[in-house]
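S.K.: Take this structure, written in C-alpha cells, and hold onto it; I'll ask about it next.
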Amino acid sequence: MLQIEDLCVEVAGRPLLKNVSLTVEKGETTILFGPNGAGKSALLSTIMGFSNYKVTSGKIYFKGKDITEAPIDERAKMGIGIMSQRPPNIAGVKLRDLLEIEAGSKSSNLNEMARSIDMERFLERDINVGFSGGEIKRSELLQLSIQQPDFYLLDEPESGVDPVNMAQVGNMIKNLICDNKKCTAKDPNRKSALVITHTGEILDYLAADKAYILCDGTVMCSGNPTRLLSEIKTQGYEECIRCKLNDLKQLD
Ligand SMILES: Nc1ncnc2c1ncn2[C@@H]1O[C@H](COP(=O)(O)OP(=O)(O)OP(=O)(O)O)[C@@H](O)[C@H]1O
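Next comes the structure, spelled out in C-alpha cells:
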C-alpha cells in the first residue's frame with residue numbers, strides 16, 4: 001500500500017530524515033515510535049505532501065504509484081488522510097464549510113455525524129480556533145470520518161485526550177480502520193494506518209501488526225509493537241540504537 005524507499009528530507013534547509021525505508025501493507029496497522037524531535041511528524045507530513053518538507057532523494061509509492069512529487073490534493077484523492085498533532089487554526093472558515101468541501105459529492109449527514117461525537121456545536125465555529133486538545137482530536141476524526149481514506153496517518157491520537165474521552169477517540173479510530181466491523185491483525189479488509197504514539201495507549205484499540213523506531217531521522221529497528229514498546233519503557237531508546245549499531249540487528 002505504502003512503500004518508502006531511502007527517503008531523505010530537508011526542512012528549513014536542514015537535513016531531517018535520512019534514508020528512511022518502510023512499508024505498510026494493505027490492511028496493516030503500523031506503529032511509529034521514537035523520541036521527541038526524531039522526525040516522526042515530519043515523516044507523516046512528507047507522506048501527506050506538506051510543502052515545508054523537501055524530498056532531496058528517495059521515493060514514496062502509494063498503491064504502486066510514485067507520489068513523491070504529487071500535490072496534497074492528489075494524495076488525498078488517492079486515499080491518504082491525516083490526523084495531525086497540531087493542525088492549524090483557520091480563522092474565518094467554519095468547520096462546517098471544510099466538512100462540506102471534504103464531503104464533496106458524497107452524501108453525508110454532517111449534523112448527525114457531528115452529533116454522534118458531541119461536535120455539533122463546533123460546526124459553526126472557526127476551525128480549531130479556541131478548541132481544546134481533545135476537541136481538536138474529535139474535529140480531526142470527524143473530518144476523517146467524512147473523507148473515509150484508505151490509508152490513515154495518525155499523529156499521536158492520544159495526546160491531549162483525557163482517559164474518559166480516550167475510549168471514545170480510540171473506539172472511533174478502531175471503527176474507522178475496521179469499517180465498523182470486528183477486525184483482527186493482518187485482515188486485508190481493514191484500512192491501512194501508520195500511527196505515531198509515545199504512550200502506546202492507542203494499542204488498546206488497534207490490532208497493530210508491526211512497529212518501527214525512528215531516532216534522529218533514521219529508522220533504527222522494527223519489530224512487534226508491544227515488544228518494542230516494552231523495550232522502550234524499560235530501557236529507553238538506547239537498546240534500539242545499540243542494535244542498529246550492532247549490524248542493524250532487529251529486536252524481533
Ligand atoms: N517546519 C519546520 N521548520 C523548522 N523545523 C522543523 C519544522 N518541522 C519540523 N522541524 C524540526 O524537525 C525536528 C523533528 O520534528 P518532528 O515534529 O518531526 O519530531 P517528532 O519526532 O514528531 O517529535 P515529537 O515526538 O516531539 O512530536 C524538530 O527538531 C523540529 O523542530
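Position one of the sequence shown corresponds to residue 1 (the UniProt record's numbering), numbered consecutively onward. Even glycine gets a Cβ: it sits at the ideal position worked out from N, Cα and C.
1) With a threshold of 7 Å on Cβ separation, who are the neighbours of Gln3 within its own chain once the five nearest residues in sequence on each side are excluded?
2) Pop quiz: Lys85 and Asp155 are said to be a contact at Cβ under 8 Å. What is the actual Cβ separation, rounded to whole angstroms?
3) For ligand 1, any of its heavy atoms closer than 7 Å to the Cβ of Gly79?
4) With which residues is Cys221 paired in a DSSP beta bridge?
5) Nearest by alpha-carbon distance to Tyr237: which of Gly27, Glu28, Gly34 is it?
6) How far does the beta strand (DSSP E) with Gly92 in it reach, from first residue to last?
7) Please return the same chain residues whose Cβ sits closer than 7 Å to the Cβ of Cys178, not counting the five positions on each side in sequence.
8) Are there 16 or more other CB atoms within 10 angstroms of the CB of Val195, so buried, or fewer, so exposed?
9) At a threshold of 7 Å, does Ala211 count as lining ligand 1 (C-beta to nearest heavy atom)?
10) Quick one: is the Cβ of Ser222 within less than 7 Å of any heavy atom of ligand 1?
11) Please list, in chain order, all residues of the same chain as Gly58 whose beta carbon is under 6 Å from its beta carbon, the five residues on each side excluded.
12) In this structure, does DSSP put Gly27 in helix, strand or coil?
13) Would you identify the three-state DSSP class for Glu10, choosing helix, strand or coil?
14) On the three-pair Cβ rule with 8 Å, is the region 33 to 51 touching the region 87 to 95?
15) Expressed to the nearest angstrom, what Euclidean distance is found between the alpha-carbon atoms of Asn19 and Leu43?
16) The beta strand (DSSP E) that contains Ile196, what's its start and end?
17) Which word fits Leu248, buried or exposed, when buried means at least 16 other C-beta atoms lie within 10 angstroms of its C-beta?
18) Should Val20 be listed as close to ligand 1, given that the test is whether its C-beta is under 7 Å from any heavy atom?
M.R.: In short:
1) Around Gln3, the same chain offers Thr23, Tyr61 as residues with beta carbons nearer than 7 Å, after the five sequence neighbours per side are excluded.
2) Looking at the sequence itself, residue 85 is Gln, so the reference to Lys does not match. Sure, about 4 Å apart at Cβ, within 8 Å.
3) For Gly79, the CB stays at least 7 Å from every heavy atom of ligand 1.
4) Ile213.
5) Scanning Gly27, Glu28, Gly34 for the CA closest to the CA of Tyr237 turns up Gly34.
6) Unbroken beta strand (DSSP E) run through Gly92: 90 to 94.
7) Once the five neighbours on either side are set aside, the close Cβ partners of Cys178 are Arg190.
8) So Val195 counts as buried.
9) No, the beta carbon of Ala211 sits no closer than 7 Å to any heavy atom of ligand 1.
10) For Ser222, the Cβ stays outside the 7 Å cut-off from all heavy atoms of ligand 1.
11) Excluding sequence neighbours, Gly58 sits near Glu5, Asp6, Leu7, Cys8.
12) In the structure shown, Gly27 sits in coil (DSSP, three-state: anything other than H, G, I, E or B).
13) Shown here, Glu10 sits in a strand according to DSSP, grouped into three states.
14) Because the criterion of three Cβ pairs below 8 Å is not met, the region 33 to 51 and the region 87 to 95 do not touch.
15) Distance between the alpha carbons of Asn19 and Leu43: 12 Å.
16) Element bounds for Ile196: 192 to 196.
17) Unreliable positioning characterises Leu248 in this predicted model, as indicated by a pLDDT of 49, which lies under 50. The coordinate reading is nonetheless provided below. Using a 10 angstroms sphere on the CB of Leu248, the tally of other CB atoms stays under 16, which defines it as exposed.
18) Val20 Cβ: outside cutoff for every heavy atom of ligand 1.
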